[in-house]
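Student:
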Amino acid sequence: MRLWRSVVGKLWVTILLLVSFVLFILTILLLEFFQNYHVGVVEKELTHTAEKVARVIENHNDLTLGMELGKEIIDEPVNIIISLDQNQSLYSQDSTVFQKKIHQYISKDNKLQSVKSKEITVKKEVELSKESSNRYENVIVVGTPLHINGEDGAVYLYQSLGVIKDTTRQTTKLILLAAGIAIILTTIFAFFLSTRITAPLRKMREAAFEVAKGKFDTKVPILTKDEIGELATGFNQMGRQLKFHINALSQEKEQLSSILSSMADGVITFNRDGTILITNPPADRFLQHWYYEQSEEGEEAIPTTVRELLQSVVVTEMEQTDELSLQGRSYVVIVSPLYNNNTIRGAVAVVRDMTEERRLDKLRKDFIANVSHELRTPISMLQGYSEAIVDDIAGSEEEKKEIARIIYDESLRMGRLVNDLLDLARMEAGHITLNKDVIGVVPFTERVTNKFIGLAKEKKVSIYFESDVELNKEISIDPDRIEQVLTNLIDNALRHTPTGGEVTVSLTEKKGGFLFHVRDTGSGIPEEDLPFVFERFYKADKARTRGKSGTGLGLAIAKNIIESHKGHIQVQSKVDQGTTFTFFLPI
Numbered sequence: 001m002r003l004w005r006s007v008v009g010k011l012w013v014t015i016l017l018l019v020s021f022v023l024f025i026l027t028i029l030l031l032e033f034f035q036n037y038h039v040g041v042v043e044k045e046l047t048h049t050a051e052k053v054a055r056v057i058e059n060h061n062d063l064t065l066g067m068e069l070g071k072e073i074i075d076e077p078v079n080i081i082i083s084l085d086q087n088q089s090l091y092s093q094d095s096t097v098f099q100k101k102i103h104q105y106i107s108k109d110n111k112l113q114s115v116k117s118k119e120i121t122v123k124k125e126v127e128l129s130k131e132s133s134n135r136y137e138n139v140i141v142v143g144t145p146l147h148i149n150g151e152d153g154a155v156y157l158y159q160s161l162g163v164i165k166d167t168t169r170q171t172t173k174l175i176l177l178a179a180g181i182a183i184i185l186t187t188i189f190a191f192f193l194s195t196r197i198t199a200p201l202r203k204m205r206e207a208a209f210e211v212a213k214g215k216f217d218t219k220v221p222i223l224t225k226d227e228i229g230e231l232a233t234g235f236n237q238m239g240r241q242l243k244f245h246i247n248a249l250s251q252e253k254e255q256l257s258s259i260l261s262s263m264a265d266g267v268i269t270f271n272r273d274g275t276i277l278i279t280n281p282p283a284d285r286f287l288q289h290w291y292y293e294q295s296e297e298g299e300e301a302i303p304t305t306v307r308e309l310l311q312s313v314v315v316t317e318m319e320q321t322d323e324l325s326l327q328g329r330s331y332v333v334i335v336s337p338l339y340n341n342n343t344i345r346g347a348v349a350v351v352r353d354m355t356e357e358r359r360l361d362k363l364r365k366d367f368i369a370n371v372s373h374e375l376r377t378p379i380s381m382l383q384g385y386s387e388a389i390v391d392d393i394a395g396s397e398e399e400k401k402e403i404a405r406i407i408y409d410e411s412l413r414m415g416r417l418v419n420d421l422l423d424l425a426r427m428e429a430g431h432i433t434l435n436k437d438v439i440g441v442v443p444f445t446e447r448v449t450n451k452f453i454g455l456a457k458e459k460k461v462s463i464y465f466e467s468d469v470e471l472n473k474e475i476s477i478d479p480d481r482i483e484q485v486l487t488n489l490i491d492n493a494l495r496h497t498p499t500g501g502e503v504t505v506s507l508t509e510k511k512g513g514f515l516f517h518v519r520d521t522g523s524g525i526p527e528e529d530l531p532f533v534f535e536r537f538y539k540a541d542k543a544r545t546r547g548k549s550g551t552g553l554g555l556a557i558a559k560n561i562i563e564s565h566k567g568h569i570q571v572q573s574k575v576d577q578g579t580t581f582t583f584f585l586p587i
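First residue of the sequence shown? That's 1 in the UniProt record's numbering, and the numbers climb one at a time after it.
1) Considering only DSSP beta bridges, list what residue 593 is partnered with.
2) Determine the closest residue to Asn450 out of Arg376, Leu23, Glu466, with distance taken between C-alpha atoms.
3) Spatial neighbours of Ala207 within its chain, please: CB distance less than 6 Å, with the 5 preceding and 5 following residues excluded, ordered by chain position.
4) In or out: Pro378 buried (at least 16 other Cβ within 10 Å) or exposed?
5) Where do the N-terminal and C-terminal ends of the beta strand (DSSP E) with Phe286 fall, by residue?
6) Starting from His517, follow its DSSP beta bridges and name the residues at the other end.
7) Start and end of the beta strand (DSSP E) containing Gln320?
8) Can you list, in chain order, the residues of its chain with a C-beta nearer than 6 Å to that of Gly554? Leave out the 5 residues immediately preceding and following it.
9) How about Thr579 and Asp520: do their beta carbons lie closer than 8 Å?
10) Assign Pro498 to one of three DSSP states: helix, strand, or coil.
11) Can the beta-carbon of Gly440 be found less than 8 Å from the beta-carbon of Lys400?
12) Cα separation between Gln35 and Leu231?
13) Pull up the CB-CB distance for Val575 and Gly524, whole angstroms please, since I reckon it's below 8 Å.
14) Looking at the secondary structure, which residues open and close the beta strand (DSSP E) in which Thr343 lies?
15) So is His60 buried or exposed if we call it buried at 16+ other beta carbons inside 10 Å?
16) Tell me which residue opens and which closes the alpha helix (DSSP H) that Pro221 is part of.
17) For Thr27, which residues in the same chain have their Cβ closer than 8 Å to its Cβ, ignoring the five residues on either side in sequence?
18) With a threshold of 16 other CB atoms inside 10 Å of the CB of Lys559, please say whether the residue is buried or exposed.
19) For Val333, which option in Tyr339, Asp353, Met318, Asn342 has the closest C-alpha, if you only look at C-alpha atoms?
20) Quick check: Ile74 and Leu146, are their CB atoms within less than 8 Å of each other?
21) Within 10 angstroms of its Cβ, does Tyr385 collect 16 or more other Cβ (buried), or is it exposed?
22) According to the neighbour-count rule (16 or more other Cβ atoms, all chains shown, within 10 Å of its Cβ), is Asn87 buried or exposed?
23) Which residues does DSSP list as the beta-bridge partners of Asn271?
24) In angstroms, rounded to a whole number, what distance separates the CA positions of Phe209 and Ala190?
25) For a test of the three-state rule: what should DSSP assign to Pro531, helix, strand or coil?
26) Going straight from the alpha carbon of Ile15 to that of Ile184, what length do you get?
27) For Val142 versus Thr47, is the C-beta spacing smaller than 8 Å?
28) If the criterion is Cβ atoms closer than 8 Å, does the pair Ala347 and Leu360 meet it?
29) Taking 8 Å as the cut-off, decide whether the C-beta atoms of Leu494 and Leu455 are in contact.
30) Within its chain, find whatever has a CB closer than 7 Å to the CB of Pro498; leave out the 5 residues flanking it on each side and keep chain order.
31) Please report how far the alpha carbon of Ser355 lies from the alpha carbon of Gly501, in whole angstroms.
32) How would you label Val418, buried or exposed, when you count the other beta carbons within 10 angstroms and need 16 or more for buried?
33) Which one of Leu249, Ile406, Ile268, Ser564 has the shortest CA to CA distance from Ser336?
34) CB-CB under 8 Å to Thr305, same chain, minus the five flanking residues each way: which ones, in chain order?
35) Using the C-alpha atoms, what's the distance from Ala283 back to Leu277?
36) Considering only their Cβ atoms, is the gap separating Val485 from Ile432 smaller than 8 Å?
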């Protein structure tokens, strides 16, 4: 079944049908030609013989002699009948029964009878019914005029066409045999030709399937230099060009994918109907936040705000911008039209996470508010006590001194606040200058801790120093800056540790540097406030509220100092169990 569907089968059937049709037409023409040819030859021979017999009889004017000569002249299967005006048969080589049948046809046929009266020769084919005792079916009769002893007659020669039919049958057998051999040879030739034609086509088909699988290096062998060879050459060139263009497309796709993946902003491509086509990782996170925030009944694929922007872009063909919040984060969405020639086929949305910018903006506003708040109290006190002095409200000298001392303390507080703000601004701008020196880490830490023994006694808090580091270990740091950090951490610990509590400063060695721990048993810091303790002016729980002497910038300054030393600082705390500040300084 597969053969008939193949090119080989189709070519073979086409060639075979064509040759068979040609042979069939040729066989019919040849058979007709041979049959007409043999009949013509027999007619000529019979006419010539009949005329010869008639001339002999006329020349000798002797019918008996003519009959004897005619007997000698003609042979089987030719038979002779001589008829005069009396319509009598004078001589016949055949049986009486057959002679009578011939006489009957000759007597009834006007054309054969006209031979006697006209100087013409008549040829006619006579059909006889087939009988079992008679081997003749059809005969050909030739009549020529005869004039003897003043009488008109005719010499009739007739011959059976069975011999011609036998010859025709033999010829038919030979033609059919030749046709059969021709068909066999045609089949072999057709298969050979089809194979020669289809062999490279099959290879090209296999190569095409390999190319369809992505194997663009597949080549078709060029076996000939004809059209099929040129087709194979064109196929190989097509494969090379296809591989080149596919590689170029892949590189462009990878480049576009790399660009989209490395973008900090989210990119989403939409169809006109809102179907998402392309996204990058930031956009995926944005959509995940949206899916998470939706209720279970929600079926929206994109936020309503984005969908409205998309519809507005399709209608107005102008860029649209809006802002929305998801999962506590702020996003700005910019939707631009995406054109296909002159029509809008969709839109491109750029999703920008503005959370950090909004946070910094809020910090800026909070910073201004906090600075204003921090300065307002001392300024108010300076203004109030100054008015008391100007208005002579203080009656005694001691009261005046007390007011002057308060004014001096508040001015010092304002000075510290301004200096801390300036230091913090320089640090965050990267303008901090470190005067590094190589010092013994253990003596340095112990000395800073011992500075607070007197203050600890006043507050009735125990302070300890612990270390498992060898005394000869040294570190390269800016001792003034690190002392500022330790001082701030220990002062905070003492300030927030109740009477009878403990503050422990410990030093341990770690791979690549040293760990400093300042641990207290104070009130602790609430968990929700821990991420913000290193921000400027951040006020934690009431239990951790700064005293009047603090500026609220100490921990922010400490963090910047530690980071400028390539270290890091962190805090751990539990409410009513204490707080531990830890910072690491590399060697």
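Where a beta carbon is used, it is the ideal one built from N, C-alpha and C, also for glycine.
Tutor: Let me spell this out:
1) With the chain represented from 1 up to 587, any question about residue 593 goes unanswered, as that position is not in the structure.
2) Glu466
3) Thr218, Val220
4) buried
5) Run containing Phe286: none in the beta strand (DSSP E); it sits in the alpha helix (DSSP H), 281-293.
6) Ser506, Thr582
7) 320-326
8) Asn488
9) yes
10) coil
11) no
12) 52 Å
13) 4 Å
14) 343-353
15) exposed
16) Run containing Pro221: none; DSSP gives neither H nor E here.
17) Thr172, Ile175, Leu176, Ala179
18) buried
19) Asp353
20) no
21) buried
22) The predicted model places Asn87 with a pLDDT of 49, which falls under 50 and marks its position as unreliable; any figure quoted below should be read in that light. Result: exposed.
23) Gly346
24) 27 Å
25) helix
26) 12 Å
27) yes
28) no
29) yes
30) Gly522
31) First, the amino acid is wrong: residue 355 is Thr here, not Ser. Each residue's Cα considered, the two are about 41 Å apart.
32) exposed
33) Ile268
34) Asp322, Leu324, Val333
35) 12 Å
36) no
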